[in-house]
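Reading through the structure tokens given below for one structure.
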Amino acid sequence: MITIKKKISKKEKEIRDNRWSNIRLVFFGIVMSIAFFVVVGHLAIIQFVEGKKWSDKAYNQQIKNQILSPNRGTIYDAKGEILAQSIPVDTISLNPEKVKYSNTSSVPHEVIAEGMSSIFDVTYEEMMEKLSSGRSLIVVAKKVETDKVEKLKEWMKNNKITAGINIDEDTKRYYPYNDLASNLIGFCGTDNNGQFGLEERWNDILTGTAGKVVTVKDITGKAISDENEQYIAEENGSNIYLTIDSAIQATVERCLEKAVKDNSTATGGNVIIMNPKSGDILAMATYPDYNLNDPSAIPVGYTEETWNALEKTDRSSILLNLWKNRAVSGTYEPGSTFKLITASVGLEEGKVEVDTEGDFFCSGSYEVDPNEKPISCWARNPHGSQSLRNALCNSCNPAFMQLGQRIGAKTLYKYFQAFGLFDSVGNDIARAYNGTFHELDKIVPIELATISFGQRFEISPLQLVTAISAICNDGVLIKPKIVKQIENTDTGSIEVVETEKVRQVISKETADSVKKMMLSVVEEGTGRQAKIAGYSIGGKSGTSEPRAGNESDGYVASFIAISPIENTQVVVLVTLYGLQEYVHHQGGETAGPTAREILTEVLPYLGVASSNVNNTSDDLDEGKLISVPNVQNQTLSEARKNLQALGFNVIIANEGVDANTTLVIDQVPKAGVALREDSVVCLYSSETDTRKKEIVPDVTGMTAAGAINSLKSKNLNATIDGEKGTVTLQDPSFGTEVEQGTVVRIVIDEGSAYNQ
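The sequence shown begins at 295 in my numbering and counts up one residue at a time.
If you want it as structure tokens, here you go:
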């Protein structure tokens, strides 16, 4: 079939083309209209619905916040000595590609690296690596002190470098006494926030609150005048004043270090001194300690080689343990010092009286459970029949096991709770640890027995000091206090931290009885080495043995001392860790002398009067002085006998020789020196004898009595110029190392005010 195409005229073609054009125009118009309404609708939503959101966003993109950093507060001791403060330092940084000479040419990386490594603690290789990293900003050194900043400025001047090196203001925490009270104070990190100790626990108070300036700036960074500009002032950190006395703290740390070294303790020790009436902590020391200005330095006992050979995790663990305040954040078995608590409970509950003869019996051991091996007393010879006073003086374990049975576990635990032994004590000092006790319903006879004499449970040293302080405060428990007052550095206002009484634990009558028994312990019991002439000292020794299987941990030796017995002013706890059985390890013979040495200096410093030496020199006149004879070329035995007959104390440098045949070749002091009775003469029998030396204590500000006792505790002698007053001069001076027996001249002056 043949299809014939109809020929379209030119006019018809024009009409059809126009029709399609109109359709396209209409379609395009519709599309544009829809798009228009969509855009207008969206703008309407932005304008009327989301207007505030986008307005705020635009504003926030324009505003700039300038943070105002507050100053960190200062830490002072009780007398206003600075223990920690923030000092101005700088942070040094550079923009590698912008470091220019004065002629605007770039400074070669080699020149920059050489200059930075010559001034700051960074090597040339490290600097070159940083400069080649492609980073636009490189931090060279933080916390830079003024001397190095001046060196940098001099280097830039000499090399005509004018751009690209930045010196930005910063602060650095500084500790004037380096290691004094280091475990107590703690330190700050690079961000100036506290990391350990008081710096951490009081961080919020010391840090303050940052302020800021809020301004509006255009795209070029230029400030735009705006009524919404805000200035929020920073609140500087507050200063805190501690109850710690830095002079007492220094004495305690020196005595503690000596005790640790003399007794070869494996894991150091700690000392706490507390005022039982106010709760004030006068000293809190741990050894080994560390330098607060360089806390990550290699610890004592390691060489650089042995330290670097350790794994990184081991080094971190050692440092973390070193930084810990063991007096608060550590626990131990208190041993026989805890018998004071058991005795207090027994007296308060009427289960025992102080001086009932034959109330207890010690056969050398005591069977508390027929299915268990009898528990031995520490003493080789049985104590036999005893009163409570006798048992405390002898530190007799069987007697206190018998007393524990009379009291019972439930009653003991009631008093443990009252004494604060189940609470965290010292949370305002450091991360305080709770004691760990057996669960009451699981205590069997063997555990009741060991608890009664202070073993197989653990408490912190501060918990024990706080409990014994309650006995010394007429039976009233006081919360220990480390911060004396807080000073607002912006307003100058002072907030005094008041003493907080917790509860009455035992009666005043019971407390007085226990204190008098503590006096007997020092006068005639295991605490005799803590006795100080002229002062009433009470105390109790403690020795806890390592648990089976952990013999390498060694013994814990401790001694708690109080003085005076009436109106007690100080409670001192000395704790030494890791003593071995093959050396002296009993608390009375190791920690006891340390407590005596501390109290000999601290009591006169605090103004506690001595009872047998007046503050005058009436009993020190020439008629009562004894001339030291010449005993050289006499046998040691003969010389000792002759000196002791005159009233001198004799020290023989080498006790290992035969005293009956070995001759004296030297003596300190020399013959002819006039000394009081009870002074020290040290004898040497060979040129090779190790000279016995001591560090002269600081006796300035003390009474004559205090100075004599302080020097005597170091086996040093004294001559006194003056009649009344306190010591204004001493020779040799404080800190000098001298031989035992050396005579220290002290001058007293009535016009000098005693430093209360």
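Cβ coordinates follow ideal geometry from the N, Cα and C atoms, glycine included.
Note that the structure is a prediction, hence the values are computed from the model and not measured.
Check whether residue i and residue j have beta carbons under 8 Å apart
{"i": "Arg-467", "j": "Phe-481", "result": "yes"}
{"i": "Thr-631", "j": "Ser-852", "result": "yes"}
{"i": "Val-777", "j": "Leu-697", "result": "no"}
{"i": "Asp-649", "j": "Ser-670", "result": "no"}
{"i": "Val-383", "j": "Glu-444", "result": "no"}
{"i": "Ala-1012", "j": "Val-974", "result": "no"}
{"i": "Ser-638", "j": "Ile-800", "result": "yes"}
{"i": "Thr-837", "j": "Tyr-849", "result": "yes"}
{"i": "Ile-854", "j": "Gly-833", "result": "yes"}
{"i": "Ser-921", "j": "Leu-957", "result": "no"}
{"i": "Lys-775", "j": "Asp-574", "result": "yes"}
{"i": "Ile-542", "j": "Ala-577", "result": "yes"}
{"i": "Ala-885", "j": "Thr-869", "result": "yes"}
{"i": "Ile-612", "j": "Asp-371", "result": "no"}
{"i": "Asp-449", "j": "Gly-488", "result": "Reading the sequence as shown, one finds Trp at residue 449 and not Asp. Their beta carbons are not under 8 Å apart, which means Trp-449 does not touch Gly-488 by this criterion."}
{"i": "Glu-789", "j": "Ile-780", "result": "yes"}
{"i": "Glu-375", "j": "Ser-540", "result": "yes"}
{"i": "Val-759", "j": "Met-568", "result": "yes"}
{"i": "Ser-904", "j": "Gly-995", "result": "no"}
{"i": "Asn-389", "j": "Ser-427", "result": "no"}
Same chain, Cβ closer than 7 Å to residue i, neighbours up to 5 away in sequence not counted
{"i": "Gln-711", "result": "none"}
{"i": "Glu-752", "result": "Thr-625, Tyr-626, Glu-627, Gly-729 and Thr-730"}
{"i": "Asn-909", "result": "In this prediction, Asn-909 scores a pLDDT of 37, lower than 50, which makes its location untrustworthy; the coordinate-derived value is nonetheless stated afterwards. Excluding sequence neighbours, Asn-909 sits near Thr-997, Ala-998, Ala-999 and Lys-1018."}
{"i": "Gly-1029", "result": "Ile-989 and Val-990"}
{"i": "Ala-724", "result": "Gly-491, Arg-495, Asn-619, Val-622 and Ser-623"}
{"i": "Phe-694", "result": "Lys-633, Thr-636, Ala-685, Ser-746 and Phe-747"}
{"i": "Ile-831", "result": "Val-816, Ala-824, Lys-825, Ala-855, Ser-857 and Leu-893"}
{"i": "Ala-407", "result": "Tyr-418, Met-421, Met-422 and Leu-425"}
{"i": "Glu-666", "result": "Ile-740"}
Inter-residue spacing [alpha-carbon to alpha-carbon] between residue i and residue j
{"i": "Pro-739", "j": "Gly-702", "result": "10 Å"}
{"i": "Val-622", "j": "Ile-826", "result": "29 Å"}
{"i": "Lys-571", "j": "Tyr-727", "result": "24 Å"}
{"i": "Ile-1040", "j": "Gly-595", "result": "37 Å"}
{"i": "Glu-642", "j": "Ala-553", "result": "36 Å"}
{"i": "Leu-771", "j": "Ala-761", "result": "7 Å"}
{"i": "Leu-474", "j": "Ile-566", "result": "14 Å"}
{"i": "Asn-533", "j": "Pro-470", "result": "16 Å"}
{"i": "Leu-377", "j": "Lys-802", "result": "38 Å"}
{"i": "Thr-368", "j": "Gln-749", "result": "41 Å"}
{"i": "Val-405", "j": "Lys-442", "result": "18 Å"}
{"i": "Ala-603", "j": "Thr-597", "result": "10 Å"}
{"i": "Arg-934", "j": "Cys-976", "result": "10 Å"}
{"i": "Pro-840", "j": "Gly-652", "result": "32 Å"}
{"i": "Thr-929", "j": "Val-865", "result": "44 Å"}
{"i": "Tyr-353", "j": "Ala-435", "result": "Unreliable positioning characterises Tyr-353 in this predicted model, as indicated by a pLDDT of 48, which lies under 50. The coordinate reading is nonetheless provided below. The alpha-carbon atoms of Tyr-353 and Ala-435 are separated by roughly 37 Å."}
Nonlocal neighbours in the same chain, by C-beta distance under 6 Å from residue i, ignoring five residues either side
{"i": "Phe-655", "result": "Ser-679"}
{"i": "Cys-549", "result": "Thr-888, Glu-891 and Ile-892"}
{"i": "Ile-381", "result": "Lys-466 and Tyr-468"}
{"i": "Asp-847", "result": "Pro-840"}
Three-way DSSP call (helix, strand, coil) for residue i in this model
{"i": "Arg-683", "result": "helix"}
{"i": "Gln-696", "result": "helix"}
{"i": "Ile-859", "result": "coil"}
{"i": "Thr-465", "result": "strand"}
{"i": "Cys-482", "result": "strand"}
{"i": "Asp-1043", "result": "strand"}
{"i": "Arg-970", "result": "strand"}
{"i": "Gln-1034", "result": "coil"}
{"i": "Gly-488", "result": "strand"}
{"i": "Phe-747", "result": "coil"}
{"i": "Asp-498", "result": "helix"}
One or two residues paired with residue i in a DSSP bridge
{"i": "Ser-838", "result": "Val-850"}
{"i": "Leu-248", "result": "Outside the shown range of the chain, which is 295 to 1050, sits residue 248, and nothing can be said about it."}
{"i": "Gln-779", "result": "Tyr-535 and Val-790"}
{"i": "Thr-1055", "result": "Outside the shown range of the chain, which is 295 to 1050, sits residue 1055, and nothing can be said about it."}
{"i": "Glu-529", "result": "Thr-503"}
{"i": "Asp-384", "result": "Val-438 and Glu-463"}
{"i": "Ile-765", "result": "DSSP lists no partner for Ile-765."}
{"i": "Ala-724", "result": "Per DSSP, none; premise fails for Ala-724."}
Same chain, Cβ closer than 8 Å to residue i, five either side skipped, listed in chain order
{"i": "Ser-1027", "result": "Val-990"}
{"i": "Glu-529", "result": "Pro-364, Gly-502, Thr-503, Gly-505 and Asp-784"}
{"i": "Asp-1015", "result": "Arg-1039, Ile-1040, Val-1041 and Ile-1042"}
C-beta neighbour in chain D for residue i, strict 8 Å
{"i": "Ala-703", "result": "Protein chain content of the structure displayed is limited to a single chain, and chain D is not contained in it."}
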